[in-house]
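Colleague:
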Amino acid sequence: MTTEELDGLVRELRTGGDTASVEVKSAAGGLPASISSTLSALANLPGGGPVILGLDERTGFRPVPLADPQALKQGLAAKARSFSPPVRLTIEDGTVDGAPVIVARVHECDSSAKPCRIASSGESYLRGYDGDYRLSDLEEQAFLAARRPPLFDRAPVADATAEDLDPGLTAAFTATARDRDPYGLGRFDDDSELLTRAGVTTREAIPTVAGILALGVYPQQWFPRYVIQLAAEPQADDPPGSRARNQATLSGPIPRMLESAMAWARRNFDTAIVSEPDGTVHDQPAYPLTAFRELVANALVHRDLDHWSAGRAVEVRLRRGRLVISNPGGLYGITADRLGRESVTSARNARLVTICQYVHSPESGLRVIEALATGIPTVTAELQRAGLPPAHYIDTGIGFTVILSPSARRAAPRPNLNSTELRVYDALADGQKTIAELQDLLGIQPPTLRKALRSLRSRDLVEQHGGRGQTTWYQQTNSTR
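Throughout, this note's numbering is defined as the position within the sequence shown, counted from one, plus 493.
1. Here's the rule: buried if 16 or more other CB atoms are within 10 angstroms of the residue's CB, otherwise exposed. What is A513?
2. To which residues of the same chain is S753 closer than 6 Å at the C-beta, ignoring the five residues directly before and after it?
3. Please classify G501: does DSSP put it in a helix, a strand, or coil?
4. In angstroms with no decimal places, state the Cα-to-Cα distance between R974 and R620.
5. Going by DSSP, which residues form a beta bridge with T588?
6. Can you have a look at V767 and say buried or exposed, based on whether 16 or more other CB atoms are within 10 angstroms of its CB?
7. When you compare only the Cα positions, how much space is there between R813 and Q740?
8. Indicate whether the contact test is met: 3 or more Cβ pairs, each with one atom in the segment 526 to 545 and one in the segment 571 to 580, closer than 8 Å.
9. To the nearest angstrom, report how far apart T700 and A792 are at their CA atoms.
10. How would you write the range of the alpha helix (DSSP H) that G661 sits in, first residue to last?
11. Can the beta-carbon of V599 be found less than 8 Å from the beta-carbon of G587?
12. Whose C-alpha, out of I545, E632, S529, is nearest the C-alpha of S613?
13. Is G542 helix, strand or coil when you go by DSSP?
14. Any idea what DSSP makes of A905, helix, strand or coil?
15. Can the beta-carbon of R786 be found less than 8 Å from the beta-carbon of L897?
16. Do L723 and V861 come within 8 Å of each other at the CB atom, strictly closer than that value?
17. Checking the sheet assignment: what are the DSSP bridge partners for W966?
18. Applying the criterion that 16 or more other CB atoms from any shown protein chain within 10 Å of the CB defines a buried residue, is R759 buried or exposed?
19. Can you tell me which of G880, D684, E550 puts its alpha carbon nearest to the alpha carbon of A779?
20. Alpha carbon to alpha carbon, how far is G501 from A829?
21. Name the DSSP beta bridge partners of R749, please?
22. Could you check how far apart the C-beta atoms of S604 and A639 are, in whole angstroms? I think they sit under 8 Å.
23. Check whether the Cβ atoms of D763 and G823 lie closer than 8 Å to each other.
24. With DSSP as the reference, identify every bridge partner of Y618, one or two as the case may be.
25. Mind checking whether A707 and C849 have CB atoms under 8 Å apart?
26. Would you give the residue range spanned by the beta strand (DSSP E) that D818 belongs to?
27. By Cβ distance, which residues of its chain are closer than 8 Å to R641, with the 5 residues on each side in sequence left out?
28. So, at 7 Å on beta carbons, what are the nonlocal neighbours of A653 in its own chain, with the 5 sequence-adjacent residues on each side left out?
29. Can you tell me where the beta strand (DSSP E) holding A724 begins and where it ends?
30. Can you tell me which of Y719, A648, Y676 puts its alpha carbon nearest to the alpha carbon of V693?
31. Skipping 5 residues on each side, what residues in its chain have a beta carbon closer than 7 Å to that of M755?
32. Within 8 Å (strictly less), CB to CB, does V720 reach chain D?
33. Just confirm the distance between the C-beta atoms of L921 and V955, as a whole number of angstroms; I'd bet it's less than 8 Å.
34. DSSP beta-bridge partners for H795?
35. Taking only three categories from DSSP, how would you classify H800?
36. Do N820 and P643 have their C-beta atoms within less than 8 Å of each other?
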């Protein structure tokens, strides 16, 4: 990582940027215990990611003194060998605000060997947009399933018959196929043959998974959790103990779920009244509805269909500071950093995508998807037009999350520490100390020290131990982080 890249990354961290692939640890007291889960999580993450030792998130990513940088680098190298397969690291020295830091690039584990496990415990971890978490048995099966091409959408649905297909959606599908592809799929005059050739049904007229999800009367008869779960975060004036507002579970075939999701968004997105230079006035939702539709359609069409994900829904969470859309199953055939930048079409569920490009939403008449790699560029353009930050995409390999922000990112709040407080805080970086030890080290009188320590404790940066007849000592909060 170049100096410019490190400076840019730190600036992004300090301004509250979404950096799910980056981990920062102070490491003032040595390698923290949580480093094992972090290395496993980043090795399992598409593209891997860096770990920066020597910055303290609680003080706005200020540098902290590293007692023995060489020992930290040796410890990282030794720790990397304690995984199965071993974690590959590139360790470099860096500088932030004139202070030394250590940057360890964790390389992605080969997909044929995932998940990367801690050898001593057998545990494996993964990054989420809100931290590391331990993989469940089902999630580990997702990594194993990813070693072979996904063909789950082609499987016949047991006990389903042609009568389980929605007549109106099916008729519209065949008509659109004949209109848009008259010399290919549309050349088959017989509806049954066209449905078979399109992969909606098998030759025995049994609907496939793709056919049921796109055109079924009620797909949840066989796939109860292939739904959209939506909820808005409680507002300040909601009753105490409220967990969510306007929670909904949407079912039905993909085009009908998509229409229902749009109706939910219109009811729940905050709306501003905007006046244009020409004098016209219109409503502007907090998030562009066109962008929302594209993201939900992608989540429905590209979600994982393997057995491990059968219990998971597509989720939409409207929070006070962001909109989060997630689905089981990571990207397939493309990486998150290439989304919207290249005209690449890559489908986890190729048969389902092919069907959905001929399927229209019943109410709006819009096609579910274009299948022309135009969805993400449309999202980008809509957000830009609305004056919103770009979407943030997080691919964990077995899950995909999109985060939209309602306004430009603001600088993350940083504790307003004075020079004395900073000196005391940094002095505790290498371990616990008493008032007397701090006085000897810093030359600060006890009353001034106690005032600084009270301020640091009020910010949850320092914690006190002992007291009442015992030796009283202080240390940084979560100093093993």
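Idealized CB from N, CA, C, for every residue including glycine.
Modeller: Put simply:
1. As a working mapping, residue 513 is identified with position 20 in the sequence shown. By the 10 Å Cβ count, A513 comes out buried.
2. Mapped onto the sequence shown, residue 753 falls at position 260. The beta carbon of S753 is closer than 6 Å to those of L743 in its chain, skipping five residues each way along the sequence.
3. Along the sequence shown, read from residue 1 onward, the residue named residue 501 stands at position 8. In the three-state scheme derived from DSSP, where H, G and I count as helix and E and B as strand, G501 is classed as helix.
4. The residue given as residue 974 occupies position 481 in the sequence shown. The residue given as residue 620 occupies position 127 in the sequence shown. With a pLDDT of 40 at R974, under the threshold of 50, the predicted position of this residue should be treated as unreliable, though the coordinate-derived value follows. If you take the alpha carbons of R974 and R620, they lie about 17 Å apart.
5. Counted from its first residue, the sequence shown places residue 588 at position 95. Checking the DSSP bridge columns, you'll see T588 partnered with P593.
6. Taking the sequence shown and counting its residues from 1, one reaches residue 767 at position 274. Around the beta-carbon of V767, fewer than 16 other beta-carbon atoms lie within 10 Å, marking it exposed.
7. As a first step, residue 813 is located in the sequence shown; it is residue number 320 there, counting from the start. As a first step, residue 740 is located in the sequence shown; it is residue number 247 there, counting from the start. When rounded, the distance between both Cα atoms is 15 Å.
8. The segment 526 to 545 is in contact with the segment 571 to 580.
9. Residue numbering aside, residue 700 sits at position 207 when the sequence shown is read from its first letter. Residue numbering aside, residue 792 sits at position 299 when the sequence shown is read from its first letter. Reading the sequence as shown, one finds Pro at residue 700 and not Thr. Cα to Cα, the separation comes out at about 22 Å.
10. In the sequence shown, residue 661 corresponds to position 168, counting from 1. Segment 660 to 673, the alpha helix (DSSP H) holding G661.
11. The sequence position of residue 599 within the sequence shown is 106, counting from 1. The sequence position of residue 587 within the sequence shown is 94, counting from 1. 8 Å or more divides the Cβ of V599 from the Cβ of G587.
12. The residue you call residue 613 lines up with position 120 of the sequence shown. With distances taken between CA atoms, S613 lies nearest to S529 out of I545, E632, S529.
13. Locating residue 542 in the sequence shown gives position 49, where the first residue counts as 1. Judged by DSSP in its simplified three-state form, G542 adopts strand.
14. The sequence position of residue 905 within the sequence shown is 412, counting from 1. Residue confidence is low: A905 scores 48 on pLDDT, short of 50, so the model does not pin down where it sits. Its coordinate-derived value is still stated next. In the structure shown, A905 adopts coil according to DSSP, grouped into three states.
15. The count along the sequence shown starts at 1 and reaches residue 786 at position 293. The count along the sequence shown starts at 1 and reaches residue 897 at position 404. At least 8 Å separates the beta-carbon of R786 from that of L897.
16. Taking the sequence shown and counting its residues from 1, one reaches residue 861 at position 368. Taking the sequence shown and counting its residues from 1, one reaches residue 723 at position 230. Their beta carbons are not under 8 Å apart, which means V861 does not touch L723 by this criterion.
17. Within the sequence shown, residue 966 is the residue found at index 473, counting from 1. Secondary-structure assignment with DSSP links W966 through a beta bridge to T927, H958.
18. As a first step, residue 759 must be located in the sequence shown, where it is residue number 266. So R759 ends up on the exposed side.
19. As a position in the sequence shown, residue 779 is number 286, starting the count at 1. Sorting G880, D684, E550 by C-alpha distance to the C-alpha of A779 places G880 at the top.
20. Locating residue 501 in the sequence shown gives position 8, where the first residue counts as 1. Locating residue 829 in the sequence shown gives position 336, where the first residue counts as 1. Distance between the alpha carbons of G501 and A829 is about 19 Å.
21. Stepping through the sequence shown from its first residue, residue 749 is reached at position 256. Answer is none; R749 lacks a bridge partner.
22. On the sequence shown, position 111 is the one that residue 604 refers to. On the sequence shown, position 146 is the one that residue 639 refers to. Indeed they touch by this definition, with Cβ atoms about 6 Å apart.
23. Your numbering for residue 763 matches position 270 in the sequence shown. Your numbering for residue 823 matches position 330 in the sequence shown. Against a cut-off of 8 Å, the Cβ pair of G823 and D763 comes out as no contact.
24. Residue numbering aside, residue 618 sits at position 125 when the sequence shown is read from its first letter. Answer is R627, bridged to Y618.
25. Translated into the one-based positions of the sequence shown, residue 707 becomes position 214. Translated into the one-based positions of the sequence shown, residue 849 becomes position 356. In this structure, C849 lies closer than 8 Å to A707 by Cβ.
26. One-based indexing of the sequence shown puts residue 818 at position 325. It should be noted that the sequence gives Ile, not Asp, for residue 818. That run of the beta strand (DSSP E) goes 816 to 821.
27. The residue given as residue 641 occupies position 148 in the sequence shown. Excluding positions up to five away in sequence, the list is empty.
28. In the sequence shown, residue 653 corresponds to position 160, counting from 1. If we look at A653 and ignore the five residues flanking it on each side, its Cβ neighbours are I699, P700, I705, W715.
29. What you label residue 724 is simply residue 231 of the sequence shown in a count that begins at 1. DSSP places A724 in the uninterrupted beta strand (DSSP E) bounded by 721 to 725.
30. Residue mapping note: residue 693 aligns to position 200 of the sequence shown, counting from 1. Looking at the Cα atoms, A648 is the closest of the given residues.
31. Here residue 755 corresponds to residue number 262 of the sequence shown, with the count starting at 1. For M755, where only same-chain residues beyond five positions count, the Cβ hits under 7 Å are L782, R786.
32. Absence of chain D from the displayed structure is noted, only one protein chain being present.
33. Stepping through the sequence shown from its first residue, residue 921 is reached at position 428. Stepping through the sequence shown from its first residue, residue 955 is reached at position 462. That pair is a contact at about 6 Å.
34. As a position in the sequence shown, residue 795 is number 302, starting the count at 1. According to DSSP, which records beta bridges pairwise, H795 is partnered with nothing at all.
35. Position 307 of the sequence shown holds residue 800. Helix at H800.
36. Here residue 820 is taken as the residue at index 327 of the sequence shown, counted from 1. Here residue 643 is taken as the residue at index 150 of the sequence shown, counted from 1. P643 sits away from N820, with the two beta carbons spaced by 8 Å or more.
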